[in-house]
Each structure stands twice: as structure tokens, then as C-alpha cells.
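These notes are about the structure you will find just below.
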Amino acid sequence: MSLSDWLRLILLSVLWGGSFFFVEVALSGLPALSVVFGRVALGALCLAAMLGGRLPRGLAAWRALAVMGLLNCALPFSLFALAQGEISGALAAILNATTPLWTVVVAHLAGAEALTARRVAGLAFGFAGVVVMAGGGVGSPFALLACLGAALSYAVASVWGRRLAGMGVRPLQAGFGQAAAAAMILAPVWLAVDQPWALPMPGLPVWGALAGIAVLSTALAYVIYFRLLESAGAVNLALVTFLIPVSAAALGAAFLGTRLGLPHVAGFGLIAVGLWAVVRRSAKN
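Oh and the sequence shown: position 222 is 222 in the working numbering, straight run, nothing missing.
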């Protein structure tokens, strides 16, 4: 990769790692569903402005985007936000790093990729890391399962999303479409559960965190992601998964006083070895 690609990769890791930090701050003044709805709704508005009216067309494309909105936004964002009510953003980011491992399993079950010996070894290391982390404490079983469920949802979305290119949906259109679909899916649930008209007015830090997660960690991150995908390729882009927990942990330590225990660091080390095995094998294919 070129120097500019590396800089984009690092920036993307900060933006996506920052999403866990922003959520942690926003949860101090808003319920989880309000944070998630604000993220996708404001993110969709930003992406719509960038598209300038060049929105996705066709019923089939919007059906596919609706599924992406559920699997890639509404469900995982909600699960992570609920989990972060009990654990730190740094821990959630580490568990999010299992996404490529789940993707290997989902792609194999879907008949899209072979499950080789190296990938099996990568899966073994990765999920051993989760076990080590669980032994060191990751909140309630719900928090652990919610984060792993969110990572699995991302994995299913990545396999499902491969069909969008054949429908003529451009990358930024896909980003807008799934964010807008997620907002529409979440809206009735958010209104029924959180009853936003009855919530107390959050403070300025909460509003700032909500703007940050929508504008920076969603809209801007999509722009950088798709540019990096074109210039560096999907395999190199997978390296961002190694960096997101580092960014999330650094932001949490600097601004929220978050500290990771030795089992959490050791668990992430095992997950990183598993990711390396999966990515290295993919690069040779």
C-alpha cells in the first residue's frame, strides 16, 4: 500500500474506534436506541447531501439495501450500544474484531469461500481469545453475547452485500441506502421504547458525541472506507480490524479513564493472531 493508503487506514481506524468512544459518552445522557437512531438518521442525511440526488434506484436494490440496513447498521449498532451500557468501548471494540473470523464461517456456509486449514487455525486462535477475555471478565453474559452477535451480524452483511455491485449500486449509494433503511427500521421501535418526547434534554457533551458518531464515524468513515477499498483492496483494508481496538482503547484511556486488564490484552493478542492467519491466507488466494 502507498503512504496515502496507510494514512487513510489509520484515520479510518480512529474514526471507527472513535464510534465506541462516542457511544460511551452519548449513553451518559441518552438511551441506547436513541443513540443508534440518531447515528443512522443523521448519518443518512450527511450521505444524502454528499450524493447530491444520485440515490439508489430500483425496487430490487432497495430490498437488498433494507437487508443491509438491518444486518449492517440497525442490529449491530443496537447490540453494541446495549452492551456498552455494561462494558467499556475498548472491550466492545476488541470483541468487534472477531467480525472477519465470523465472516470466514458465514462465507463457508454460504458456499462462497473454502474453509482451509489455515483459516480453521485462525478461527481457533480468535475464539480462544474470546474465551480468555471472558475469563478475565467482560461484564454480564448478555454484554459478551451482544457483542459477538453484532460481529456475526456484520459478517452476514458482508456476504450479503456482495450482490449490490451486480445491481449497479455505487458504494456511497450503498452507504446512504443502508443508513436510511436502518433509520426507517428503527424509527417505530425507538418511538415506542424510548418515547423521546419524555426524555430529559441531554447536555452538550452528549450532543457532541451524537454528532461525532454520525458525521465522523458514519458518514466520513464511509467515504474513506470506499476510497481505500478502491485503492488498496479488500484484503489490505481488513488490516483496519487490528487497529480499531487500539484506537478505541487509546481514546477511552485518554478521555474516560478506561483501563484494560491483562486477560483482555492477552485475548486481543490471540484474536489478532487469528485475524493475521485469515488475512494472510486471503492475500495468497
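Each residue gets a CB set at the ideal place from its N, CA and C atoms; glycine is no exception.
Let's test the definition: count the other Cβ atoms within 10 Å of the Cβ of ALA187 and tell me whether it reaches 16, buried, or not, exposed.
The residue you call residue 187 lines up with position 187 of the sequence shown. Exposed, since its Cβ has fewer than 16 Cβ neighbours within 10 Å.
May I ask you to report which of helix, strand or coil DSSP gives THR99?
Counting from one through the sequence shown, the residue named residue 99 turns up at place 99. THR99 falls in the helix class under three-state DSSP.
Please work out which residues of its chain come closer than 6 Å, Cβ to Cβ, to CYS46, disregarding the five sequence neighbours upstream and downstream, and give them in chain order.
In the sequence shown, residue 46 corresponds to position 46, counting from 1. Within the same chain, CYS46 has close Cβ partners VAL215, ALA219.
Under 8 Å by Cβ, that's how I've got GLY126 and GLY274 pegged, so tell me the actual separation to the nearest angstrom.
Translated into the one-based positions of the sequence shown, residue 126 becomes position 126. Translated into the one-based positions of the sequence shown, residue 274 becomes position 274. Correct: roughly 3 Å between the Cβ atoms.
Which of helix, strand or coil does DSSP assign to GLN178?
Sequence index remark: in the sequence shown, residue 178 carries index 178 (1-based). Helix at GLN178.
Looking at C-beta atoms only, is the number of pairs between the region 203 to 214 and the region 256 to 265 that lie closer than 8 Å three or more?
Touching, no, given that fewer than three Cβ pairs across the two stretches are closer than 8 Å.
Just the C-alpha distance for VAL292 and ALA61, rounded to the nearest angstrom, thanks.
Outside the shown range of the chain (1 to 285) lies residue 292, about which nothing can therefore be said.
When you compare only the Cα positions, how much space is there between GLY17 and ALA117?
Reading the sequence shown from its first residue, position 17 is the one you call residue 17. Reading the sequence shown from its first residue, position 117 is the one you call residue 117. Near 31 Å, if we compare the C-alpha coordinates of ALA117 and GLY17.
So, at 7 Å on beta carbons, what are the nonlocal neighbours of TRP160 in its own chain, with the 5 sequence-adjacent residues on each side left out?
Taking the first residue of the sequence shown as 1, we reach residue 160 at position 160. Closer than 7 Å at Cβ, skipping near neighbours: VAL67, MET68, LEU71.
Could you give the first and the last residue of the continuous alpha helix (DSSP H) run that contains GLU230?
Position 230 of the sequence shown, counted from the first residue, corresponds to residue 230. Unbroken alpha helix (DSSP H) run through GLU230: 221 to 232.
Please work out which residues of its chain come closer than 7 Å, Cβ to Cβ, to TYR225, disregarding the five sequence neighbours upstream and downstream, and give them in chain order.
Locating residue 225 in the sequence shown gives position 225, counting from the first residue. Excluding residues within five positions, the ones whose Cβ falls inside 7 Å are LEU12.
Under 8 Å by Cβ, that's how I've got GLY149 and LEU79 pegged, so tell me the actual separation to the nearest angstrom.
Working through the sequence shown from its first residue, we reach residue 149 at position 149. Working through the sequence shown from its first residue, we reach residue 79 at position 79. Indeed they touch by this definition, with Cβ atoms about 5 Å apart.
How big is the Cα-Cα spacing for ALA198 and VAL189?
Working through the sequence shown from its first residue, we reach residue 198 at position 198. Working through the sequence shown from its first residue, we reach residue 189 at position 189. About 15 Å.
Alpha carbon to alpha carbon, how far is LEU243 from ILE10?
Translated into the one-based positions of the sequence shown, residue 243 becomes position 243. Translated into the one-based positions of the sequence shown, residue 10 becomes position 10. Those two C-alpha atoms are separated by around 7 Å.
May I ask which residues mark the beginning and end of the alpha helix (DSSP H) holding LEU47?
Working through the sequence shown from its first residue, we reach residue 47 at position 47. Note, LEU47: alpha helix (DSSP H), 32 to 51.
Closest to GLY122 by C-alpha separation, out of ALA110, PRO196, GLU230, THR99, would be which residue?
Residue mapping note: residue 122 aligns to position 122 of the sequence shown, counting from 1. Out of ALA110, PRO196, GLU230, THR99, THR99 has the C-alpha closest to the C-alpha of GLY122.
Roughly how many whole angstroms lie between the Cα atoms of PRO205 and VAL25?
Position 205 of the sequence shown, counting from 1, holds the residue named residue 205. Position 25 of the sequence shown, counting from 1, holds the residue named residue 25. Roughly 7 Å between the two C-alpha positions.
I need the straight-line Cα distance from ALA248 to GLY166, nearest angstrom please.
By 1-based counting over the sequence shown, the position of residue 248 is 248. By 1-based counting over the sequence shown, the position of residue 166 is 166. Approximately 35 Å between the Cα atoms of the pair.
For GLY43, count neighbouring C-beta atoms within 10 Å of its own C-beta (all shown protein chains included) and say buried if the count is 16 or more, exposed if not.
Walking along the sequence shown from the start, residue 43 turns up at place 43. GLY43 comes out buried.
Please say whether VAL23 and ALA81 have beta carbons closer to each other than 8 Å?
Within the sequence shown, the letter at position 81 stands for residue 81. Within the sequence shown, the letter at position 23 stands for residue 23. It is a contact, given that the beta carbons lie within the stated cut-off.
What separation, rounded to the nearest whole angstrom, lies between the Cα atoms of ALA266 and ALA112?
The sequence position of residue 266 within the sequence shown is 266, counting from 1. The sequence position of residue 112 within the sequence shown is 112, counting from 1. Near 32 Å, if we compare the C-alpha coordinates of ALA112 and ALA266.
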